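J.:
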Amino acid sequence: METLEEQFKNMHLLDRDERLRLLSKIDIIRPEILKPFFPGRWLWKRCNLKVLIVTDGGLDFGTGAFGLSEFLTTFNELQRSTWYNYQITLGHRSPTAFSNPNPLVVATIPSFNFASSVTLANFDQVWLFGINSGSGLPTNELAAVETYMNNGGGLFATGDHGTLGSAMCSNIPRVKDMRHWADFGANEVGMTQPRRNDTNRPKAGDATSLYFDNQSDNIPQNISVRIFGTGLPHPLLSIKKSIRPSGLIDIMPDHPHEGECKPETSFTVNGITVATQNIATSHVLGGSTTGGGGKSLTIPHSFSSIAVWDGRLAKVGRIVVDSTWHHFVNVNLNGSESFFNGDDRPGLQSGLTTADFKAIRQYYMNISLWITKNKAFLCLRRYVWYYLLKDSQLIEASLNYPLEKRENISIADLNSIGALAEEILSEKYSPSFARDFLIEALEPINPNLAYKLNIWKPDNLEEIRKKDDKYYQPWVNLDFILHTAIGGGFIALRDDKIISDENVNEKDLDSIIDVFNKGAQFGFDKSVTNLGTSINSLSNELKIRL
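For the sequence shown, numbering that gives the first Met the number 0 begins at 0 and goes up steadily by one.
1. Measure the C-alpha to C-alpha separation of T275 and S303 and round it to an integer number of angstroms.
2. Using a Cβ-Cβ cutoff of less than 7 Å, which residues in the same chain neighbour N329 once the five nearest sequence positions on both sides are dropped?
3. Which whole-angstrom value is the C-beta distance of L231 and S237, which I expect to be below 8 Å?
4. What are the boundary residues of the beta strand (DSSP E) that includes Y85?
5. State the Cα-Cα distance for the pair K372 and H256, rounded to the nearest angstrom.
6. What does the alpha-carbon distance come out to for the pair A185 and A156?
7. Would you report the Cα separation of S301 and I218, rounded to the nearest angstrom?
8. Hey, quick one: how far does the beta strand (DSSP E) through L296 stretch, first residue to last?
9. Could you check whether the stretch 126-142 touches the stretch 49-56, counting it as contact only if at least three pairs of C-beta atoms, one from each stretch, sit closer than 8 Å?
10. Residues in the same chain with beta-carbon distance under 8 Å from S116, minus the five sequence neighbours each way, listed in chain order, please.
11. What are the partner residues of M251, as DSSP defines its beta bridges?
12. Please report the straight-line C-alpha distance between L247 and I305, rounded to a whole angstrom.
13. Determine the DSSP secondary structure at I271, reduced to helix, strand or coil.
14. Which value, in whole angstroms, describes the spacing of the CA atoms of R225 and W455?
15. Note down, in chain order, each residue of its chain lying with its Cβ closer than 7 Å to the Cβ of L448, except the 5 sequence neighbours on either side.
16. CA-CA distance, S241 and T95?
17. Quick one: residues in its chain with C-beta nearer than 7 Å to the C-beta of H179, no 5 flanking neighbours on either side, listed in chain order?
18. Starting from the Cα of L141, find the closest Cα among T191, R405 and K175 and give me that residue.
19. Mapping DSSP to helix, strand and coil, what is N139?
20. Quick check: what's the CA-CA separation for W308 versus I278?
21. Quick one: Cα of L296 to Cα of H160, how far?
22. Under the assumption that I485 contacts L437 (Cβ atoms under 8 Å), give the Cβ distance between them as a whole number of angstroms.
23. Exposed or buried, S245, counting other C-beta atoms within 10 Å across all chains shown (16 or more means buried)?
24. In three-state terms, what does DSSP make of K240?
25. Please report how far the alpha carbon of N516 lies from the alpha carbon of A491, in whole angstroms.
26. Is I480 helix, strand or coil when you go by DSSP?
27. Using DSSP with H/G/I as helix, E/B as strand and the rest coil, what is Q124?
28. Just to confirm my understanding: we take S98, look at its own chain, exclude 5 residues before and 5 after, and list those with CB closer than 8 Å. What are they?
29. Inspect the beta-carbon positions of I135 and N170 and report whether they are closer than 8 Å.
30. For Y450, count the other beta carbons within 10 Å of its own beta carbon; 16 or more makes it buried, fewer makes it exposed. Which is it?
31. Taking the alpha-carbon of G487 as reference, which of R493, K496 and G518 has the nearest alpha-carbon?
32. Return the CA-CA distance between K49 and L387, expressed in angstroms with no decimal places.
33. Using three-state DSSP, classify R195 as helix, strand or coil.
34. Leaving out five residues before and five after G316 in sequence, what residues of the same chain have Cβ atoms less than 8 Å from its Cβ?
35. Beta-carbon within less than 6 Å of Q78's beta-carbon, same chain only, minus the 5 sequence neighbours each way: which residues are those?
36. Taking the straight line between their C-alpha atoms, what separation do you get for S281 and S425?
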């Protein structure tokens, strides 16, 4: 009868279920066998990630209707699922002192001033929720915000209908051209006119939305999500399929008069031109009214409700804008202080269902991850590589031939490891996050391939036309190269004596990205060499001259 060591050595002869059972048995009886392959414990402290959230006027951070207390739970959830230690600073433009009990809040600042209240360079992301109307930030504050953005800082900004939010956001570079900060056209972002952006959805039995309080019930609006590549949404609107089988965040809280994102445009920064992208569209039903008929019956139409700009492509910060902060405030999430007047539907102002709230909160979480400064994101990458190295599925896949040297592991096995890493990350975070995360990991190895794999980069139609004449991508499955490179990275981590040592310290783990990159380079080179050999072999077999 084979010993456990012998069974482990010959594990490649077993099927998947048999391998998993064997690993479980070894882990109980002879765990020392696995020590070279399983890191022993979490060994470094969390990375601090500093968040600044600023609002003004009647918006606040409390539990009332126009409070952001439910939204703030986003960061508590992120703290549970990432290796960040979130430190939140709350700023309000008014002089009234305020507080917030969320344990992640480290400072509350009244009379907030972007130039003097804080050093913006210390923050990894900034969120702006504006309700006051005005001509924009003063010159010195505007300069501070622009410097922060140009140094890689990510920014989220929103207002509501009409000019709401214009006092804080309407003159910020790029932000001012991604969203309407004033009414336009036939009162497109007004409050009462037929062309207003009324996304309220009626209760069951009503043909149209009749009550203002439809925004506080458990019926969200459905949005149309832009799809990229072969079927993925933008990372902001991606969710793990165990929560929503479609993998799409295709709902938002509703409201009887939202703002609107502007048509797509482009900005040139550091000599690089990058286009904006409208990634979600909201829809207005015909014939809706609210407030006892005080608003005109709506004309059915659609409008852009979420827009993004990937500033990293131009070596600056990313930007997200939303049509309204009603997608974030309590009255639309939990029904707090809804405007129930006795003629409405008693007992139905309870807010979203738990399942729908989780989906929408994932949108908030995705924004936070996406706009985080690139430097801070490297900390998350280090955590994710170590997390995946610990994951039993990934290790099981990499141990088909556990004692083989890296050079002798087949391309198929390396590819399998990389593909499984994407699958695990898809369930831990979301499918689009997983894909984006792996593509970014390939940038130090081959930035051209990473760029080619990036399905979310804004289209340059002229460039596409030129390349289509020379190269048709579907002939080559670039995912195979990506996954093989990622697989090589994990084998390098597994084999590194320092990283895999159970006595490794935090300083030793600073090398985790360098070790991974060297392994990924090996996997990339091996896959590209094999690709060239395969093409030459095929051309010889088919007698094709290349």
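Ideal Cβ positions, reconstructed from N, Cα and C, are used throughout, including at glycine. Source: prediction; values computed, not measured.
T.: Reading it off the structure:
1. If you number the sequence shown from 1, residue 275 lands on position 276. If you number the sequence shown from 1, residue 303 lands on position 304. Taking the straight line joining both Cα atoms gives about 12 Å.
2. Here residue 329 refers to the residue found at position 330 of the sequence shown. Hits under 7 Å: T62, G63, A64, G66, S68, E69 and S335.
3. Position 232 of the sequence shown, counted from the start, is the residue given in the question as residue 231. Position 238 of the sequence shown, counted from the start, is the residue given in the question as residue 237. The pair is a contact, with the Cβ atoms about 7 Å apart (cut-off 8 Å).
4. Counted from its first residue, the sequence shown places residue 85 at position 86. Segment Y83 to H91, the beta strand (DSSP E) holding Y85.
5. Walking along the sequence shown from the start, residue 372 turns up at place 373. Walking along the sequence shown from the start, residue 256 turns up at place 257. Approximately 33 Å, taken between the alpha carbons.
6. Locating residue 185 in the sequence shown gives position 186, counting from the first residue. Locating residue 156 in the sequence shown gives position 157, counting from the first residue. Cα to Cα, A185 sits roughly 24 Å from A156.
7. The sequence position of residue 301 within the sequence shown is 302, counting from 1. The sequence position of residue 218 within the sequence shown is 219, counting from 1. Cα to Cα, the separation comes out at about 19 Å.
8. Translated into the one-based positions of the sequence shown, residue 296 becomes position 297. That residue, L296, is in no beta strand (DSSP E); it is neither H nor E in DSSP.
9. yes
10. Reading the sequence shown from its first residue, position 117 is the one you call residue 116. Only G90, I108 and S110 meet the Cβ criterion.
11. Residue 251 sits at position 252 when you count from the first residue of the sequence shown. Answer is Q220, bridged to M251.
12. Taking the sequence shown and counting its residues from 1, the one referred to as residue 247 is at position 248. Taking the sequence shown and counting its residues from 1, the one referred to as residue 305 is at position 306. Each residue's Cα considered, the two are about 14 Å apart.
13. If you number the sequence shown from 1, residue 271 lands on position 272. It is a strand residue.
14. Taking the sequence shown and counting its residues from 1, the one referred to as residue 225 is at position 226. Taking the sequence shown and counting its residues from 1, the one referred to as residue 455 is at position 456. Computed Cα separation, rounded: 10 Å.
15. The residue you call residue 448 lines up with position 449 of the sequence shown. These residues qualify, in order along the chain: L441, L477 and I480.
16. By one-based count along the sequence shown, residue 241 stands at place 242. By one-based count along the sequence shown, residue 95 stands at place 96. Each residue's Cα considered, the two are about 43 Å apart.
17. In the sequence shown, counting from the first residue as 1, residue 179 sits at position 180. Taken in chain order, the residues that qualify are V188, G258, E259 and K261.
18. Translated into positions along the sequence shown, residue 141 becomes position 142. The residue with the shortest Cα to Cα distance from L141 is K175.
19. Within the sequence shown, numbered from 1, the residue matching residue 139 stands at position 140. Three-state result, N139: helix.
20. Here the question's residue 308 lines up with position 309 in the sequence shown. Here the question's residue 278 lines up with position 279 in the sequence shown. In a straight line, the C-alpha of W308 is about 10 Å away from that of I278.
21. For the purposes of this step, residue 296 is identified with residue 297 of the sequence shown, where counting begins at 1. For the purposes of this step, residue 160 is identified with residue 161 of the sequence shown, where counting begins at 1. One C-alpha to the other measures close to 17 Å.
22. Working through the sequence shown from its first residue, we reach residue 485 at position 486. Working through the sequence shown from its first residue, we reach residue 437 at position 438. With a Cβ gap of about 6 Å, I485 and L437 count as contacting.
23. In the sequence shown, counting from the first residue as 1, residue 245 sits at position 246. That one is exposed.
24. The sequence position of residue 240 within the sequence shown is 241, counting from 1. Note: K240 maps to coil in three-state DSSP.
25. The residue given as residue 516 occupies position 517 in the sequence shown. The residue given as residue 491 occupies position 492 in the sequence shown. Taking the straight line from one Cα to the other gives about 9 Å.
26. The residue you call residue 480 lines up with position 481 of the sequence shown. It is helical.
27. For the purposes of this step, residue 124 is taken as the residue at position 125 of the sequence shown. Note: Q124 maps to strand in three-state DSSP.
28. For the purposes of this step, residue 98 is taken as the residue at position 99 of the sequence shown. The answer, listed in chain order, is T107.
29. Start at 1 with the first residue of the sequence shown, and residue 135 comes out as number 136. Start at 1 with the first residue of the sequence shown, and residue 170 comes out as number 171. Reading off the sequence, residue 135 comes out as Gly, not Ile. Contact flag set, yes.
30. Locating residue 450 in the sequence shown gives position 451, where the first residue counts as 1. Exposed, since its Cβ has fewer than 16 Cβ neighbours within 10 Å.
31. As a first step, residue 487 is located in the sequence shown; it is residue number 488 there, counting from the start. Comparing Cα positions, the closest option is G518.
32. Here residue 49 corresponds to residue number 50 of the sequence shown, with the count starting at 1. Here residue 387 corresponds to residue number 388 of the sequence shown, with the count starting at 1. Answer to the nearest angstrom: the Cα atoms are 25 Å apart.
33. Within the sequence shown, residue 195 is the residue found at index 196, counting from 1. Reduced to three states, the DSSP call for R195 is coil.
34. In the sequence shown, counting from the first residue as 1, residue 316 sits at position 317. Excluding residues within five positions, the ones whose Cβ falls inside 8 Å are Y147, M148, N149, N150, G151, G152, G153, L154, G310, I370 and K372.
35. Here residue 78 refers to the residue found at position 79 of the sequence shown. Y85, listed in sequence order.
36. For this step, residue 281 is matched to residue 282 along the sequence shown. For this step, residue 425 is matched to residue 426 along the sequence shown. About 26 Å.
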